[in-house]
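Undergrad: Dumping the structure here so I can ask a few things about it.
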Amino acid sequence: MHTIDDFVRLVRDELGMPLEEYQVAADLDQLPEWDSLYLLKLVTALEQATGRSLPVGRLLEARSLGEIYQLAAGT
1 MHTIDDFVRL
11 VRDELGMPLE
21 EYQVAADLDQ
31 LPEWDSLYLL
41 KLVTALEQAT
51 GRSLPVGRLL
61 EARSLGEIYQ
71 LAAGT
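FYI, in full-length UniProt numbering the residues of the sequence shown are 1 to 75.
Quick look at the structure:
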């Protein structure tokens, strides 16, 4: 996972969540169907895609998928 497009594709494929790139910046509360189960699935998928553990505490504080992407990408 190198780009935001890769991230959006991963969310779509792994979570089965219809996601458009513009929604990455939206607050998680504004995403239809988003819940804590999606976050757990996403963390698992991101760790597999990146090959490293992610800071779960910081991921829980994230307010958008964009913030989650930044943490996963290490930026």
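All residues carry an ideal CB built from backbone N, CA and C; glycine is no exception. As the structure is a computational prediction, the values presented were derived from the model and not from experiment.
Along the chain, where does the alpha helix (DSSP H) that runs through Gly-57 open and close?
TA: The sequence position of residue 57 within the sequence shown is 57, counting from 1. Residues 56-61.
Undergrad: Flag this pair as yes or no: are the beta carbons of Ala-60 and Lys-41 separated by less than 9 Å?
TA: For the purposes of this step, residue 60 is taken as residue 60 along the sequence shown, with counting starting at 1. For the purposes of this step, residue 41 is taken as residue 41 along the sequence shown, with counting starting at 1. A small correction: the amino acid at residue 60 is Leu; Ala does not occupy that position in the sequence shown. The answer is no: Cβ separation not under 9 Å.
Undergrad: Would you call the segment 11-31 and the segment 51-71 in contact, with 3 or more CB pairs under 8 Å?
TA: In short, these stretches touch, since the Cβ pair count reaches three.
Undergrad: Beta carbon of Leu-39, beta carbon of Leu-54: below 9 Å?
TA: Residue 39 sits at position 39 when you count from the first residue of the sequence shown. Residue 54 sits at position 54 when you count from the first residue of the sequence shown. Contact flag unset, no.
Undergrad: If Leu-10 and Ala-49 are in contact, beta carbons under 8 Å, what's the gap, nearest whole angstrom?
TA: Numbered from 1 along the sequence shown, position 10 holds the residue referred to as residue 10. Numbered from 1 along the sequence shown, position 49 holds the residue referred to as residue 49. At roughly 6 Å, the Cβ-Cβ gap stays under 8 Å, so Leu-10 and Ala-49 are in contact.
Undergrad: If we ignore side chains and look at the alpha-carbon of each, how far apart do Glu-21 and Arg-58 end up?
TA: Within the sequence shown, residue 21 is the residue found at index 21, counting from 1. Within the sequence shown, residue 58 is the residue found at index 58, counting from 1. Cα to Cα, the separation comes out at about 22 Å.
Undergrad: What's the C-alpha gap between Asp-44 and Gln-30?
TA: Working through the sequence shown from its first residue, we reach residue 44 at position 44. Working through the sequence shown from its first residue, we reach residue 30 at position 30. Here the sequence assigns Thr to residue 44, which means Asp is not the residue at that position. Taking the straight line joining both Cα atoms gives about 22 Å.
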